[in-house]
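**Q** Basically the numbering used here = 1-based index in the sequence shown + 73. Below are the structure tokens for one structure; questions will follow.
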Amino acid sequence: MEFKYGGSETNQKTVLGHPSGLFVLFFTEMWERFSYYGMRALLVLFLTSSLLNEGWGWERADATILYGWYIGLVYLTPIIGGYIADKFLGFRNAVILGAFIMTLGHASMALEGTTHWFFYAGLTLLIIGNGLFKPNISSIVGQLYKTQGEEKDAGYTIFYMGINAGSFLGILLCGYLGEKIGWHYGFGLAGVFMFIGMVQFYLAQKIFGKIGLKPNTNKSIEKTIEDDAEKLEDNVEELVEGVSKSRVISDRMIVIGIFALFTTFFWWAFEQAGGSMTIFAGDYTQRVLEGSSATAFKIINSVIVIIPLGIITYVLSLLFKKTFSKYSTANIVLASSFVIVWALVIWMLQNDYKTTSYAVAYSDVNNVEKVKEIRTSDPLTVGDVINVKVNNKYEFYNPADSLNLANTVKDGNLLNEDKNAIGYFFNAKITDLKEESAKGLFWKDNTYASLAFENQKNEVLKQKLALSRDTTFTAGSVVQLKLTQNLGYVAEASEDTVTAKVTEVKSSQVEVSASWFSVLNSLFIIVFASLFSKIWQSKYNPSGPVKFALGLILVGVGFAALAYGSSGIPEGAKTASVSMVWLVLAYLFHTLGELCVSPVGLSYVSKLAPVKFVGIMFGIWFIANFLAGVIGGWTASYIDPISEKYGLSTFFLIFTLIPAGAGVIMLLLNGKIKKMMHGIK
Numbered sequence: 074m075e076f077k078y079g080g081s082e083t084n085q086k087t088v089l090g091h092p093s094g095l096f097v098l099f100f101t102e103m104w105e106r107f108s109y110y111g112m113r114a115l116l117v118l119f120l121t122s123s124l125l126n127e128g129w130g131w132e133r134a135d136a137t138i139l140y141g142w143y144i145g146l147v148y149l150t151p152i153i154g155g156y157i158a159d160k161f162l163g164f165r166n167a168v169i170l171g172a173f174i175m176t177l178g179h180a181s182m183a184l185e186g187t188t189h190w191f192f193y194a195g196l197t198l199l200i201i202g203n204g205l206f207k208p209n210i211s212s213i214v215g216q217l218y219k220t221q222g223e224e225k226d227a228g229y230t231i232f233y234m235g236i237n238a239g240s241f242l243g244i245l246l247c248g249y250l251g252e253k254i255g256w257h258y259g260f261g262l263a264g265v266f267m268f269i270g271m272v273q274f275y276l277a278q279k280i281f282g283k284i285g286l287k288p289n290t291n292k293s294i295e296k297t298i299e300d301d302a303e304k305l306e307d308n309v310e311e312l313v314e315g316v317s318k319s320r321v322i323s324d325r326m327i328v329i330g331i332f333a334l335f336t337t338f339f340w341w342a343f344e345q346a347g348g349s350m351t352i353f354a355g356d357y358t359q360r361v362l363e364g365s366s367a368t369a370f371k372i373i374n375s376v377i378v379i380i381p382l383g384i385i386t387y388v389l390s391l392l393f394k395k396t397f398s399k400y401s402t403a404n405i406v407l408a409s410s411f412v413i414v415w416a417l418v419i420w421m422l423q424n425d426y427k428t429t430s431y432a433v434a435y436s437d438v439n440n441v442e443k444v445k446e447i448r449t450s451d452p453l454t455v456g457d458v459i460n461v462k463v464n465n466k467y468e469f470y471n472p473a474d475s476l477n478l479a480n481t482v483k484d485g486n487l488l489n490e491d492k493n494a495i496g497y498f499f500n501a502k503i504t505d506l507k508e509e510s511a512k513g514l515f516w517k518d519n520t521y522a523s524l525a526f527e528n529q530k531n532e533v534l535k536q537k538l539a540l541s542r543d544t545t546f547t548a549g550s551v552v553q554l555k556l557t558q559n560l561g562y563v564a565e566a567s568e569d570t571v572t573a574k575v576t577e578v579k580s581s582q583v584e585v586s587a588s589w590f591s592v593l594n595s596l597f598i599i600v601f602a603s604l605f606s607k608i609w610q611s612k613y614n615p616s617g618p619v620k621f622a623l624g625l626i627l628v629g630v631g632f633a634a635l636a637y638g639s640s641g642i643p644e645g646a647k648t649a650s651v652s653m654v655w656l657v658l659a660y661l662f663h664t665l666g667e668l669c670v671s672p673v674g675l676s677y678v679s680k681l682a683p684v685k686f687v688g689i690m691f692g693i694w695f696i697a698n699f700l701a702g703v704i705g706g707w708t709a710s711y712i713d714p715i716s717e718k719y720g721l722s723t724f725f726l727i728f729t730l731i732p733a734g735a736g737v738i739m740l741l742l743n744g745k746i747k748k749m750m751h752g753i754k
């Protein structure tokens, strides 16, 4: 019996007009992307968070460099993983092994509090596992369809939506748990869903029949296909403008090189999402909303979460109807994952809806009663005695700095020009200098100063701070310190908590997680992808170089929004309260740019490269992405030096001008590039 689709008889049963196996891959990929993006959203936040907040307290530069290397290597390892699957494992075994290795990686990262080696082992396992998983699951999608054409393209579009659904949910839930509850919970949740994705794929893999089961052993068939493709290629090229075959090949290879070069500029800027843009979201954005603004956010957040999740759950029910009788265990595992997700989503939304601000009185660093605000979803009343965790942030303070000239000191309190308290002021003495590494930063030593100082009650306090590289302080030097204190509500007392008394029940509030902004990319893709697809299929479909140029210009426009939004932040400021509108606009333009670039990249590599060079050209393409990630992390590491000297706005202008300039150059080269493509559209 001749089947329409590749795979088993069960795979011939369709869901939304496509083989059932596509949706097994859809959900496997969705949970893998859930784990990848969920962890990625937390990486820089965790590394730069203070030790008191259970982070590692790294400098921003060190965190973004590590992030850049991680992103770069994630792009590089699929070259090796694809080769291993082709020659030894087969696609399916590679997917299962890669998923298993990534599950171990997430589990290892969840144990980061035990020793930093678990953290690095986790990152390494994630990079290796991704290399085996990512290229090979996409290859299985392609083999489900026996013919090329619109149906196969639509299948890849559905698969692409699974990627974005996983990204959306992973960032949302892992980010929320990591920031609100504890970093290891966020890392651990990513591992749970990677494990579920692996198990459901393993249990349902027979639906694919012989697809991807073994490496390519039938060399005669493979060689025949390649020979036929080359003959067709030769025949076509002989007809192209009367140009010789060698000239056509060389021109097209040059075009691939041009695209690879310009894609480096795009992803160099775009991948700031997990680096400098995450830092901007965490430290420079006003994320606390109250009153009507808080209510509006809660409603919008509920809508954008529940509707997509409801649609995906409906798709799951359709898959159930077609495959449950044959693969009941796999379906039960998959259903359990949705029960967990729905439970987490409902808990998260309820937590936000119940969150209220309270004024509480506590004893500050000077043993003087102070009133500060806390936020919690637990119901409190005036007079309640609660436990709070005091987060002390010490930093060196220079009264002669232009930022501080208008500030004054009164009774140990640091006041701004409006006479509002912005922290505490201390004269401290350096008692010792020591070279040591920050937690987990084993490859680099910093000079740490041990400091002693007195509060207003003449009690001696001690603190240790890292010195900047250009400092001239020595043991015995007297320095000035600034301390800011923030409170966090804790349900149970511990050695790190103090008591506080509720003095006032204030407004309904919500604090938007810094990682939440990253979900906007996936959300905007889901919203705009179909529109862009229709444009590409219409008479208004621009050429590949023009699409690339538009993508570069749009990503530059996104950073222009951030540059404008941060223009009021003084040079050297470590925190600010810029409207979140600018971040939303940045992600909107970046996503529109991504939708322009996506059709150009790998698609044009496959169209332009001669059959025998396709693998090499894909390798070059991934190397370009690797370089973009590494260079992007290195560039992001200069956020503090550039901000201190020229302002944060100047830092973002770099990411505005370079991609936009590259886009303009691509527009100017459009005619020449189209000619060198020799008829490829």
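Ideal Cβ placement from N, Cα and C applies to all residues, glycine included. None of these values were measured; they are calculated from a predicted model.
(1) Look up Arg814 in the DSSP assignment and say whether it is helix, strand or coil.
(2) Quick check: the Cα distance between Ile372 and Val583, rounded to an integer number of angstroms?
(3) Go through its chain and collect everything with a Cβ distance to Leu453's Cβ below 6 Å, but skip five positions before and after it.
(4) Buried or exposed: where does Asn531 fall if 16 or more other Cβ atoms within 10 Å of its Cβ makes it buried?
(5) Should the region 519-535 be regarded as contacting the region 422-439, the criterion being three or more beta carbon pairs within less than 8 Å?
(6) Taking all protein chains shown into account, decide if Tyr387 is buried (16 or more other Cβ within 10 angstroms of its Cβ) or exposed.
(7) Based on Cα-Cα distance, which residue from Ile284, Pro615 and Thr197 lies nearest to Leu95?
(8) Check Val441 in the structure and name its three-state DSSP category.
(9) What would DSSP say about Ser323, mapped onto helix, strand or coil?
(10) Would you identify the three-state DSSP class for Gly744, choosing helix, strand or coil?
(11) Could you tell me the boundaries of the beta strand (DSSP E) in which Ile756 lies?
(12) Here's a check: name, in chain order, each residue in its chain whose Cβ is nearer than 6 Å to the Cβ of Gln273, leaving out the five neighbours to either side.
(13) Does the region 641-660 come close enough to the region 350-360 to have 3 or more Cβ pairs within less than 8 Å?
(14) Could you check where the beta strand (DSSP E) with Gln610 kicks off and where it finishes?
(15) Quick check on DSSP: helix, strand or coil for Phe192?
(16) Should Leu661 go down as buried or exposed, given a rule of 16 or more other Cβ atoms within 10 Å for buried?
(17) So, helix, strand or coil for Lys754, using DSSP?
(18) For Leu312 and Val321, what's the separation of their Cα atoms in angstroms?
(19) Output the distance between the C-alpha atoms of Lys160 and Asn166, rounded to the nearest integer angstrom.
(20) Less than 8 Å between the beta carbons of Asn486 and Ala494, yes or no?
(21) Where does the unbroken alpha helix (DSSP H) through Thr351 begin, and where does it stop?
(22) Could you give the DSSP three-state label for Phe515: helix, strand or coil?
(23) Please name the residue or residues paired with Lys483 in a DSSP beta bridge.
(24) Determine the direct distance from the alpha carbon of Lys555 to that of Met234, and round the result to whole angstroms.
(25) Flag this pair as touching only if the region 510-530 and the region 594-608 have three or more C-beta atom pairs under 8 Å; answer yes or no.
(26) State buried or exposed for Glu310, treating a residue as buried only when at least 16 other CB atoms are found within 10 Å of its CB.
(27) Give the DSSP bridge partners of Pro92, in chain order.
(28) Would you mind stating whether Asn489 and Ala479 have Cβ atoms separated by less than 8 Å?
(29) Buried or exposed: where does Thr220 fall if 16 or more other Cβ atoms within 10 Å of its Cβ makes it buried?
(30) Mind checking whether Leu540 and Thr557 have CB atoms under 8 Å apart?
(31) Given that a residue counts as buried once 16 or more other Cβ atoms are within 10 Å of its Cβ, and exposed if not, what is Tyr143?
(32) State the DSSP-derived secondary structure class of Ile459, mapped to helix, strand or coil.
(33) Starting from Gly371, trace the beta strand (DSSP E) in both directions and tell me its first and last residue.
(34) Measure the beta-carbon distance from Met175 to Met267 and round it to whole angstroms, keeping in mind my assumption that it falls under 8 Å.
(35) Around the Cβ of Tyr613, are there at least 16 other Cβ atoms within 10 angstroms (buried) or fewer (exposed)?
(36) Let me make sure I understand the geometry here. Which of Gly641, Leu242 and Ile138 has the alpha-carbon closest to that of Gly706?
**A** By the coordinates alone:
(1) Shown here, the chain extends from 74 to 754; a query on residue 814 therefore has no answer.
(2) The residue given as residue 372 occupies position 299 in the sequence shown. The residue given as residue 583 occupies position 510 in the sequence shown. Going from the Cα of Ile372 to the Cα of Val583 covers about 12 Å.
(3) In the sequence shown, counting from the first residue as 1, residue 453 sits at position 380. If we look at Leu453 and ignore the five residues flanking it on each side, its Cβ neighbours are Tyr431 and Val575.
(4) Residue numbering aside, residue 531 sits at position 458 when the sequence shown is read from its first letter. Exposed.
(5) yes
(6) Position 314 of the sequence shown holds residue 387. Flag for Tyr387 reads exposed.
(7) As a first step, residue 95 must be located in the sequence shown, where it is residue number 22. It is Ile284.
(8) In the sequence shown, the residue the question calls residue 441 occupies position 368. Reduced to three states, the DSSP call for Val441 is coil.
(9) Position 250 of the sequence shown, counted from the start, is the residue given in the question as residue 323. If DSSP states are grouped into helix, strand and coil, Ser323 belongs with the helices.
(10) The residue given as residue 744 occupies position 671 in the sequence shown. Helix.
(11) Here the chain covers residues 74 to 754 and nothing more, so residue 756 does not appear.
(12) For the purposes of this step, residue 273 is taken as residue 200 along the sequence shown, with counting starting at 1. These residues qualify, in order along the chain: Ala403, Val406 and Leu407.
(13) yes
(14) By one-based count along the sequence shown, residue 610 stands at place 537. Looking at the DSSP string, Gln610 is not in any beta strand (DSSP E), and its letter there is neither H nor E.
(15) Counted from its first residue, the sequence shown places residue 192 at position 119. In this structure, Phe192 counts as helix in the three-state DSSP scheme.
(16) Here residue 661 refers to the residue found at position 588 when the sequence shown is read from its first residue. Leu661 is buried by the Cβ-count criterion.
(17) Here residue 754 corresponds to residue number 681 of the sequence shown, with the count starting at 1. If DSSP states are grouped into helix, strand and coil, Lys754 belongs with coil.
(18) On the sequence shown, position 239 is the one that residue 312 refers to. On the sequence shown, position 248 is the one that residue 321 refers to. Caution is warranted here: a pLDDT of 46 is assigned to Leu312, below 50, making its placement in the model unreliable, and no coordinate value can be reported.
(19) By 1-based counting over the sequence shown, the position of residue 160 is 87. By 1-based counting over the sequence shown, the position of residue 166 is 93. Rounded to the nearest angstrom, the two C-alpha atoms are 12 Å apart.
(20) Residue 486 sits at position 413 when you count from the first residue of the sequence shown. Residue 494 sits at position 421 when you count from the first residue of the sequence shown. Contact flag set, yes.
(21) Counting from one through the sequence shown, the residue named residue 351 turns up at place 278. Where Thr351 is concerned, the enclosing alpha helix (DSSP H) stretches over Ser349 to Asp356.
(22) Counting from 1 along the sequence shown, the entry for residue 515 is found at position 442. Of the three classes helix, strand and coil, the one that applies to Phe515 here is coil, per DSSP.
(23) The residue you call residue 483 lines up with position 410 of the sequence shown. Per DSSP, Asn486.
(24) Residue numbering aside, residue 234 sits at position 161 when the sequence shown is read from its first letter. Residue numbering aside, residue 555 sits at position 482 when the sequence shown is read from its first letter. In a straight line, the C-alpha of Met234 is about 48 Å away from that of Lys555.
(25) no
(26) Looking up residue 310 in the sequence shown gives position 237. In this prediction, Glu310 has a pLDDT of 49, which is less than 50 and means its spatial position is unreliable; what the coordinates show is noted afterwards. Per the 10 Å Cβ criterion, buried.
(27) Working through the sequence shown from its first residue, we reach residue 92 at position 19. Bridge partners of Pro92: Thr87.
(28) Within the sequence shown, residue 489 is the residue found at index 416, counting from 1. Within the sequence shown, residue 479 is the residue found at index 406, counting from 1. Yes, the Cβ-Cβ distance between Asn489 and Ala479 is below 8 Å.
(29) Working through the sequence shown from its first residue, we reach residue 220 at position 147. Result: exposed.
(30) In the sequence shown, the residue the question calls residue 540 occupies position 467. In the sequence shown, the residue the question calls residue 557 occupies position 484. No. Outside cutoff.
(31) As a working mapping, residue 143 is identified with position 70 in the sequence shown. Buried: at least 16 other Cβ atoms inside 10 Å.
(32) Position 386 of the sequence shown holds residue 459. Here Ile459 sits in strand by DSSP.
(33) As a working mapping, residue 371 is identified with position 298 in the sequence shown. Note that residue 371 corresponds to Lys in the displayed sequence, not to Gly. Counting along the chain, Lys371 falls outside any beta strand (DSSP E), though it belongs to the alpha helix (DSSP H) covering Gly364 to Thr396.
(34) As a working mapping, residue 175 is identified with position 102 in the sequence shown. As a working mapping, residue 267 is identified with position 194 in the sequence shown. Indeed they touch by this definition, with Cβ atoms about 5 Å apart.
(35) For the purposes of this step, residue 613 is taken as the residue at position 540 of the sequence shown. Tyr613 is exposed by the Cβ-count criterion.
(36) As a first step, residue 706 must be located in the sequence shown, where it is residue number 633. Checked all of Gly641, Leu242 and Ile138; the closest Cα to Gly706 is Ile138.
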